[in-house]
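Notes follow once the structure below has been shown.
Chains as they are written, first to last, in our numbering: chain W, 35 to 547; chain L, 69 to 469; chain G, 9 to 546.
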C-alpha cells in the first residue's frame, strides 16, 4: 500500500509527488492521459509538428523548485530565454519590450521614462506578492502564532517599501490596468501590450479591477519568458524524472473515477477500470470543482462548503491556435530574428477591452487579443527542417459560448487567422495544418473543469487564504485525508510548481504532527 | 383549494391572506382581533387567552398551524439528503414516525428547528418555523431529490389537550388510541386522506391533523362536532405561547436567532448551546456543522440555554441573569407564570460554565404595580425537566380525559 | 482689513456642515458660493412655474443621523419622510415590487423565484453585516497606514481590531465583498434575472464601472448603509425637495453667526510663504483668513483655483490622475399628470416608489459598454421617482415632478465636449425609453431640464459630472481618498483644508466629509470638539 496517492500528473501533481517522495513518502501518481504533464505538455498536432499544447511559455516556474529537484540534470534546458515582447502594429511600427527597455519607431523618451518607472514599481510590488508564493497562506481571524506571524511578515514587507511605494501599492493593487497605464503612458500601442499582462488568461477586461493584481501575479517570479527545449512537456518530463528518482511511482492512463471514503475520511481512489487503490492521503491536482464535485461528490461535503465550490468562478476564456507552416511567416516590419519573440496583438487598450466585451455575453471576440510564439525558430525538434510551428493564445473565447463551440469553432478559427494575417499578410498560403483548441476542447483534453488556465479565476476574492475557498486554502480539504495541490490552490496557475510544493510541505508538516 | 395565490398579477391587493380555516375562525373570533403569521391571518385569542390555555391543559384546544413552513422531500437520495441536512440520524425515524430535529450551518450554528415526518418510505415532510427553501436547495447539490415547499397546499390543525384522543375517536379515527408519541397515521375522512401525527408544541397529549387545504373546513367541522362532548375550544397564539414555554420548548426568534437571519455573527447558537446536544449524532458521517460541533464538544460551548424556576410571581421577561456572586451571566429569553406548575418560570441564555442543573442564580426583574416600577433580584434555580410534564403526554393508549 | 477665522468655499451640504460646526465652535466663518443660491448638489430649484425640482440629488438616506441631530436640523426646518419601496420594471410587461412590508415583498419575489425570495434574507444579512462594519468608520478620520504617528498607529490598530472582531468567516466574506463585482456577488444568492437586475442597480449608481466590474459590490454598500429612522437601507425625501437639507444647514450656520456670500466664485486661493491667506473672488473682492476650507472637488480646488507654483509637481500629478469620471445624467420633468406604466396596471402604490427600468444584468452591462465607447447608453438604466406622490409641496395638486436619474452618460462624447445637440439627443433617448414603458408619457411633459455631466460641472462644479466628487474605487477609498497621504482633510499648503465628497467617506448627501473635516480643524485649532464621532447606535 502506498502512503499517498496524487491525482493528476500535471506539473503541480508531479512537483508535489517529487517533494513527498524526497521526504520518504511512498507516492503513487495517477495520470489519466497516456503521458504526464497535464497542461504543460508537448504533443504532435500534425505529422512532424510538435507544440506545447496548452501553456506555451515558461515564466513562472519557481527557481527553488528547479534547483531542489535538479531539473536541469533531469533534462530540462531552455531553447530560448528572456524573450522580448513585441507589441505588434499593423503597419509594422512595432515596439519591442524587454524588461524595462522599450524600442520602436514611435517610442519617445517620455515613454521610456514612464516605462522605467512603471517597470520599477510593478516589479517591486510583484516581488512582495511573489514572496507569498512559497508559503502556505495564513488564516484570518485566528489567534494562532503561525497565522499572525505570516500576516505580520506580509505587513512588514509592504511597509518596508517606504512611504512612497507603500502608498502606491495600497492604491493600485486593487484596481485595473487601464487606469494605472493611463496615468503613466501616452503611447496607445504600448499601453495595449502592457495591459495584456493584466488580463491574459483571466475573465477580466483592462478596465476591470483585479487586473493590476493579475499583472503582478504574472510578474511575481520575475516575469521573464523562456521556451523549454522540446516544448513545455520537457518541464513535466524533468519533474517526473525527478519524482521517479526519488521513488515515486507514476502510472499513466489511470484515470480516477472517484474517491473512496471510510466513514468520514478519504481512504483511497477507484480508477475508471474499477481498480481500487488505498492510501491514507490523497492529493488532488485536479481543479477544485472536479475534485469536489466529480471525484468526491458534493454530498460528502458540508453544504456551505459545497456551495462555495459551486460558486467558484472558473469560466475559461482562452483558446489555443496551432498552425503547422511550411515556411517562416513574415510579419510586416518584423525581422526574422525578432519573430522568435513573444508577439502580442493588442494594439490598444480599447481594442483589448472591446475584445473582452464579447466574453461577458458568451460570445467570442471577432478581433481577439493574440499572444503568438514561433518555438520552431529556437527549437529544431518541434518542426521538420525549414518548417515552422505557430502557437497562439487567443482571447477571449468563453467556455460557455452561447451559440455552442461545435457551430462556432470554424468561424472563430477563420477570424483569428484573419487577424494574424493583418500582421503577417502571406501567412495563409503557408498553412499546412490548423488546430484550434477552444476552452471546451481544453476542458475535455486537459481535464480542467471550465477549461480555465488557473483552474479557478485568479482574483482577489479567490486568492491567498481564499483560494480556492476559505476552508481549503491551506491545501487541506474539509475531508480528512484529502488535499489539494493544483492551480486552484494558492498561488494559482501558470507553470510555477509552487502549489505542488506548498501542498507537499503542508502534508509533511501535518504528518509530522 | 389553497387560499394563498400570489402568482397572480393582482397579488398586491392582498397584504395578508385568510387561512383555509378562516371562515370558521371568523365565526368564533369573539375579540375580532387578528394577527399575522407570515402570509396568513392568525388569531391571537378568540375570547380569552387564559381560558384558551386551560383548554389545552384541561380539555382540548384547536390551533391553526397552516402557516408553518412545510417542505416535501422525496426521491432516491431523500434519506441521504436529510441526513446531511440535520444533525440527528434520520435513518432512525422509520416510516410512520416523526422526529424533532435541528439543522446547522457549516459553522455548527442553528439555522432552525423543526419536525421531520417520515410520511412514506423515503418521503419526508420537513416542517419548520422559518422559510428554508434557499438553504434546502443549496443542500440539494449532489443529491437526487425532489424538494417542494407545499406550505399553502396543506392545512394543519393542532388538537392539544387531555380530551384530544377522545375527540378523534369520536370523529371515527379508528385505532387512533394506538398511535404512540411521534407516530403518524393516515385516515380516511369522507374519502379524503387525513394524516394525523401525535405531535405538538404544548408538551401534553395532543395531535396534529394534516389535510389538503381544499378540505380544511370539512376537517374543522368534523373535529369540532366530535369535540363538542369533550369541551373542545379554539385556541389562539397567545395560549399556545404559554403552553410551549411551560413545556420548555424553544422558539426561533425568541430563544435563539436563526443563523441565516443573524447579522451579528456571534449572536447565533449551536445545538449544544440550546440544550439540544441530544439531537447531534456523531456516529453518522458528514452532516452540516459536524466538524465545528465536534470541535465545540471538545473545546466547550459559549452558552447554555437553561430552564429557570424563579422565586416569587413576577414574570421575568427581558431580565438579566446573574450568578450567585452577582456577576452578569446572561438574560431571559422567554418567561411567564405557569398556571399549571404554579411556578414562575423562564428560559434563559447564560454564559458557560454556568448553567448546571441545580445552580442557583439571580434574576433582575423590573415589574410594575399600578404604574409604579420596582426592581427585585429574585433567586432562581436551574431545573432539568419541563416545567409541566404530565404522564398522559406519553401514555398509550391515552385516557379519554 | 477684516480677517475671518475660516473661509469655506462652496455652499454644498458638506461645506455648510463644515461651516456650521466651525461657527458653533465660536469661529467667525465666511462661506463663499459661486451660485446665487446655496446647496450645491443638494438643492430645490424653481425652474418651471410652480414646480420645485430636486434637480441634482433627489433622495435622502445617507445623511448621517448624528449630524442631523447635533446640528438640530429639525429645528431649522428639515423633515425627512420615507417613501414606499421600489419597483423594477421589465420589458416583458412585468415587474418586481419591493414593499415596505416584509412578507408582501417576499411573496412578490416568490412570484419570480421561490428560492430567491428566501435567499433575500441571507442576502440582507450579509449586506447588513458589511454596513455595520463600514458605518463605524464614516464619522472617523482614516489613518495613514504609512505613518508612525501615535494617532495613526492607534487608529490603524482600532481598524484592525474591528476588522478582526468580525471573525474568520465574516472576514473572508468582507474581503470578497470589497473585491467582487456586484454581478458575481448576486450570483451567489439569486437565480432570477429580474431580481438580480433589481439589486444590481445600486452597485453602479454614480459609478464609472459596470455591474460585471470587480469592486462594484462596495458601491452597492454605499447605497445600503444609510437609514431613515433606524430602518437600515431605507430611503426618504426631504420635504420641500433636497434643498430643504442645505437650507436647514445654512440656517443653522447663520444662526451661529456665520456669514454667507453668494453669487461669486473663487478665482484664486491665495497663498503666501507656503501659507494660505484667503480667497480672491471672481468679482475681484478678497477675503482673508488663515484657514480656507474647500468643499470643491479635488481637481477644481487645486487645478483651477490655485497657482501651480504653490503646489508640488508630484501632488499635482496625483490630482490630475484623480478619477472623477462622470457616468450619469439627469432629467427633471414637470408633468401634467401621473404617467401610466403599462406593466404596473393598477398597482398605483408603486407610483410612490423608486422606479427602475431594467431587467437584466446583461442590459446593465451593455449600457456600460456604450459609456466606455464614449457615448451615452442607447438602452439606458433609468431610476426615476415622483416625489410629488409623497411630498405635497413640490408641484400644484394633480401635477407632478419626476426625477429621472440615467446611467450611463460619459463626461465627454468620443473625447470631445458635449454640445447642446448631444444633450438634446440624450434627452430624447431617455424620453423614448420611458415612453416605451409608459406610452403617453411624453404628452404629459410640460417642461424638462436635461442635465449631462457638462451641466453638472458647469452649474454645480462637480468635475466631469461625477456625483460623488470622485469615483468610489479601492484606490480612492478610506486612507486613499482623495489621494494617499492627504486623506485627513489637510491640504498640501498650511491652512488649506478639504471638506468635500472627494474626501473620505465619499459622496452622497451624507455630510460626513464636512463633519470630519470640521473635527480635524477644531483639533488643529485646539478648540473643543463639537462634531459627533463614530457610530454608537447598535
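Virtual Cβ for every residue (Gly too), placed ideally from N, Cα, C.
Let me confirm a value: residue 203 of chain G is counted as buried when at least 16 other C-beta atoms fall within 10 Å, else exposed. Which label applies? On the third chain, position 195 is the one that residue 203 of chain G refers to. Counting every other CB atom within 10 Å of its CB across the protein chains shown gives residue 203 of chain G a total of 16 or more, marking it as buried.
At the level of alpha carbons, what is the spacing between residue 187 of chain L and residue 193 of chain L? Indexing the second chain from 1 puts residue 187 of chain L at position 119. Indexing the second chain from 1 puts residue 193 of chain L at position 125. Each residue's alpha carbon lies about 7 Å from the other.
Under 8 Å between C-beta atoms of residue 127 of chain L and residue 335 of chain L: As a first step, residue 127 of chain L is located in the second chain; it is residue number 59 there, counting from the start. As a first step, residue 335 of chain L is located in the second chain; it is residue number 267 there, counting from the start. Pairing residue 127 of chain L with residue 335 of chain L gives a Cβ-Cβ distance that is not under 8 Å.
Using a C-beta to C-beta distance shorter than 8 Å, which residues of chain W count as neighbours of residue 356 of chain L? For the purposes of this step, residue 356 of chain L is taken as the residue at position 288 of the second chain. Per Cβ cutoff of 8 Å: 336, 337 and 338.
Buried or exposed: residue 118 of chain L, going by 16 or more other Cβ atoms within 10 Å of its Cβ? Taking the second chain and counting its residues from 1, the one referred to as residue 118 of chain L is at position 50. Taking all protein chains in view, the Cβ of residue 118 of chain L is surrounded by fewer than 16 other Cβ atoms within 10 Å, so the residue is classified as exposed.
Buried or exposed (CB count within 10 angstroms, at least 16 for buried), residue 200 of chain W: If you number the first chain from 1, residue 200 of chain W lands on position 166. With 16 or more Cβ atoms within 10 Å of its Cβ, residue 200 of chain W is classed as buried.
Residue 216 of chain G and residue 479 of chain G: beta carbons closer than 8 Å? Stepping through the third chain from its first residue, residue 216 of chain G is reached at position 208. Stepping through the third chain from its first residue, residue 479 of chain G is reached at position 471. Result yes, Cβ atoms of residue 216 of chain G and residue 479 of chain G sit closer than 8 Å.
Using three-state DSSP, classify residue 39 of chain G as helix, strand or coil. As a first step, residue 39 of chain G must be located in the third chain, where it is residue number 31. Three-state DSSP puts residue 39 of chain G in a strand.
For residue 122 of chain G, which residues in chain L fall below 8 Å Cβ to Cβ? The residue given as residue 122 of chain G occupies position 114 in the third chain. Within chain L, the residues near residue 122 of chain G are 201 and 217.
Residue 69 of chain W: CB within 7 Å of a non-hydrogen atom of the ligand ZN: With respect to the ligand ZN, the structure offers nothing, as it holds no ligand at all.
For residue 206 of chain L, tell me which candidate among G:126, G:148, G:153 and G:163 has the shortest Cα-Cα distance. Stepping through the second chain from its first residue, residue 206 of chain L is reached at position 138. The option with the nearest alpha carbon to residue 206 of chain L is G:126.
Terminal residues of the continuous alpha helix (DSSP H) containing residue 8 of chain G? Since the first residue shown for chain G is 9 and the last is 546, residue 8 of chain G is missing from the structure and cannot be characterised.
Below 7 Å CB to CB, which residues in the same chain sit around residue 82 of chain L once its five sequence neighbours on both sides are set aside? Looking up residue 82 of chain L in the second chain gives position 14. Short of 7 Å from the beta carbon of residue 82 of chain L, and not among the five residues preceding or following it, lies no beta carbon of its own chain.
Relative to the C-alpha of residue 66 of chain W, which candidate in W:482, W:511 and W:500 has its C-alpha closest? For this step, residue 66 of chain W is matched to residue 32 along the first chain. Comparing Cα-Cα distances from residue 66 of chain W to each of W:482, W:511 and W:500, the minimum goes to W:482.
Taking a Cβ distance cut-off of 8 Å, strictly less, list which residues of the region 339 to 364 of chain L are near chain W, in chain order. Cβ contacts with chain W: 353, 354, 355, 356, 357, 358 and 359.
Under 6 Å Cβ to Cβ from residue 114 of chain G, same chain only, skipping five residues before and after it: list those, please. Along the third chain, one-based indexing puts residue 114 of chain G at 106. Spatial neighbours of residue 114 of chain G in its own chain (CB-CB distance under 6 Å, excluding positions within 5 residues in sequence) are listed in chain order as 125.
Return yes when the Cβ of residue 302 of chain G is within less than 8 Å of the Cβ of residue 18 of chain G, no when it is not. In the third chain, the residue the question calls residue 18 of chain G occupies position 10. In the third chain, the residue the question calls residue 302 of chain G occupies position 294. Their beta carbons are under 8 Å apart, which means residue 18 of chain G touches residue 302 of chain G by this criterion.
Neighbourhood of residue 547 of chain W by C-beta distance below 6 Å, restricted to the same chain and skipping five residues each side: As a working mapping, residue 547 of chain W is identified with position 513 in the first chain. Its pLDDT being 48, under 50, residue 547 of chain W is placed unreliably by the model, and the measurement read from it follows with that caveat. Annotation for residue 547 of chain W: no residue places its beta carbon closer than 6 Å to its own, counting only its chain and skipping 5 residues before and after.
For a test of the three-state rule: what should DSSP assign to residue 262 of chain W, helix, strand or coil? Taking the first residue of the first chain as position 1, residue 262 of chain W is located at position 228. In the displayed model, residue 262 of chain W falls within a strand according to three-state DSSP.
Hey, residue 12 of chain G and residue 297 of chain G are a contact pair by Cβ (cut 8 Å); roughly how many whole angstroms apart? Translated into the one-based positions of the third chain, residue 12 of chain G becomes position 4. Translated into the one-based positions of the third chain, residue 297 of chain G becomes position 289. Their Cβ separation, rounded to whole angstroms, is 4 Å, which keeps residue 12 of chain G and residue 297 of chain G in contact under 8 Å.
Residue closest to residue 412 of chain G, alpha-carbon to alpha-carbon, out of G:451, G:26, G:321 and G:61: Taking the third chain and counting its residues from 1, the one referred to as residue 412 of chain G is at position 404. Answer by Cα proximity: G:61.
Using the C-alpha atoms, what's the distance from residue 154 of chain L back to residue 391 of chain L? Taking the first residue of the second chain as 1, we reach residue 391 of chain L at position 323. Taking the first residue of the second chain as 1, we reach residue 154 of chain L at position 86. Take the alpha-carbon of residue 391 of chain L and the one of residue 154 of chain L: they are about 34 Å apart.
Can you find a CB in chain G that lies within less than 8 Å of the CB of residue 88 of chain L? As a first step, residue 88 of chain L must be located in the second chain, where it is residue number 20. It does not: the Cβ of residue 88 of chain L has no partner Cβ on chain G nearer than 8 Å.
Let me know the secondary structure DSSP gives residue 302 of chain L once reduced to three states. Indexing the second chain from 1 puts residue 302 of chain L at position 234. Here residue 302 of chain L sits in strand by DSSP.
Within the continuous alpha helix (DSSP H) that includes residue 112 of chain W, where are the two ends? For the purposes of this step, residue 112 of chain W is taken as the residue at position 78 of the first chain. Looking at the DSSP string, residue 112 of chain W is not in any alpha helix (DSSP H); the run it does join, the beta strand (DSSP E), is 112 to 117.
Closest by CA to residue 81 of chain W, which one among W:492, W:90, W:324 and W:469? Residue 81 of chain W sits at position 47 when you count from the first residue of the first chain. With respect to the C-alpha of residue 81 of chain W, the residue from W:492, W:90, W:324 and W:469 having the closest C-alpha is W:469.
Under 7 Å Cβ-Cβ, which residues of chain L neighbour residue 136 of chain G? Numbered from 1 along the third chain, position 128 holds the residue referred to as residue 136 of chain G. Here the neighbours are 331.
If we cut at 8 Å on Cβ distances, does residue 547 of chain W have a partner in chain L? On the first chain, position 513 is the one that residue 547 of chain W refers to. Since pLDDT at residue 547 of chain W reaches only 48, below the 50 mark, its modelled position is unreliable, and the value read off the structure follows with that caveat. Chain L, which has no Cβ nearer than 8 Å to the Cβ of residue 547 of chain W, makes this no.
Pull up the distance between the alpha-carbon of residue 86 of chain W and that of residue 267 of chain W, whole angstroms please. For the purposes of this step, residue 86 of chain W is identified with residue 52 of the first chain, where counting begins at 1. For the purposes of this step, residue 267 of chain W is identified with residue 233 of the first chain, where counting begins at 1. Straight-line Cα distance between these residues: approximately 7 Å.
Beta strand (DSSP E) segment containing residue 179 of chain L, residue limits: Stepping through the second chain from its first residue, residue 179 of chain L is reached at position 111. Where residue 179 of chain L is concerned, the enclosing beta strand (DSSP E) stretches over 178 to 188.
In whole angstroms, what separates the C-alpha of residue 355 of chain L from that of residue 152 of chain L? Counted from its first residue, the second chain places residue 355 of chain L at position 287. Counted from its first residue, the second chain places residue 152 of chain L at position 84. The alpha-carbon of residue 355 of chain L is positioned some 4 Å away from that of residue 152 of chain L.
Distance between residue 144 of chain G and residue 543 of chain G (C-alpha atoms, nearest Å): On the third chain, position 535 is the one that residue 543 of chain G refers to. On the third chain, position 136 is the one that residue 144 of chain G refers to. Looking at the two C-alpha atoms, the distance is approximately 5 Å.
Could you give the DSSP three-state label for residue 171 of chain W: helix, strand or coil? If you number the first chain from 1, residue 171 of chain W lands on position 137. Three-state DSSP puts residue 171 of chain W in coil, outside helix and strand.
Looking at C-alpha atoms only, which residue of G:376, G:420 and G:345 is the closest neighbour of residue 453 of chain G? Here residue 453 of chain G corresponds to residue number 445 of the third chain, with the count starting at 1. Nearest option by C-alpha distance: G:345.
Between the C-alpha atoms of residue 110 of chain W and residue 262 of chain W, what's the straight-line distance to the nearest angstrom? By 1-based counting over the first chain, the position of residue 110 of chain W is 76. By 1-based counting over the first chain, the position of residue 262 of chain W is 228. Rounded to whole angstroms, residue 110 of chain W to residue 262 of chain W spans 7 Å at the Cα level.
Taking Cβ-Cβ distances shorter than 7 Å, what residues in chain G pair up with residue 303 of chain L? The residue given as residue 303 of chain L occupies position 235 in the second chain. Within chain G, no residue has its CB atom less than 7 Å from the CB of residue 303 of chain L, the nearest being about 23 Å off.
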